[in-house]
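Below is one structure, written out as structure tokens; the observations come after it.
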Amino acid sequence: MTRWMNFAWRVQALALSLILFTNNVWASENTQHANATRVRQAFTNWQQGNGTAFDLLAPNAKWTVAGTSPVSGVYNSKAELAQVVRPITARLATPIVPTVQSIVAQNDVVVVLWNGTATALDHKSYNNTYLWHMTFKNGQIIEVTAFRTILSNA
């Protein structure tokens, strides 16, 4: 009977481990799917003129613009980032319209590759390609590293 009890305990422990592992995997997949869906919906709304992807930012989100452009640097809040974005959008006659090329999600991270087009005040085309690496917590973006082409006129 002791040998049987030992075996039964091991089977129960294995079953419990599998259940816990499966629940963790499911929770992770559920979170990454939810975050990817949030990003996709935010970009769809933006494309339709109903908000922007910036609406997903937590108030104290950290935003890093990679590279050596005049706006490259680290911004430690949504408000601070807005101050940097405002002069860029002020040079545009039309709002930036995003077109998503790809969205990839893993755990709490979502990466989106997208193109932004607009018309500048001088009637020249504004065309940029962006890649945003976003980390989510509780449904909000808490950290972003952003890359963009710098070939546009704006």
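Here the sequence shown is numbered in numbering that gives the first Met the number 0, starting from 0 and rising by one per residue. C-beta: ideal position from N, C-alpha, C; glycine also.
What three-state label does DSSP hand residue i in the structure shown?
i      : result
Ala117 : strand
Gln82  : helix
His132 : strand
Arg39  : helix
Asn49  : coil
Could you compute how far the alpha carbon of residue i sits from the alpha carbon of residue j?
i      : j      : result
Thr63  : Ser71  : 7 Å
Ile140 : Ser76  : 11 Å
Tyr74  : Thr51  : 18 Å
Leu56  : Thr93  : 23 Å
Gly138 : Ala89  : 30 Å
Ala35  : Leu91  : 29 Å
Thr21  : Glu142 : Caution is warranted here: a pLDDT of 46 is assigned to Thr21, below 50, making its placement in the model unreliable, and the coordinate value is therefore given only provisionally. Near 28 Å, if we compare the C-alpha coordinates of Glu142 and Thr21.
Thr67  : Glu28  : 36 Å
His122 : Thr116 : 12 Å
Thr134 : Pro69  : 24 Å
Check this for me: beta carbons of residue i and residue j, under 9 Å apart or not?
i      : j      : result
Val108 : Ile102 : no
Val99  : Arg147 : no
Gln46  : Pro86  : no
Ala60  : Leu80  : yes
Thr30  : Asn127 : no
Phe42  : Val84  : no
When you compare each of the options to residue i by their alpha carbons, which one comes out closest?
i      : options                      : result
Pro58  : Ser68, Thr93, Gly48, Lys136  : Lys136
Asn114 : Leu80, Thr67, Ala145, Leu56  : Ala145
Ile95  : Ala104, Gly48, Ala78, Leu130 : Gly48
Does chain D have any CB closer than 9 Å to the CB of residue i?
i     : result
Arg90 : In the displayed structure, chain D is absent; only one protein chain is listed.
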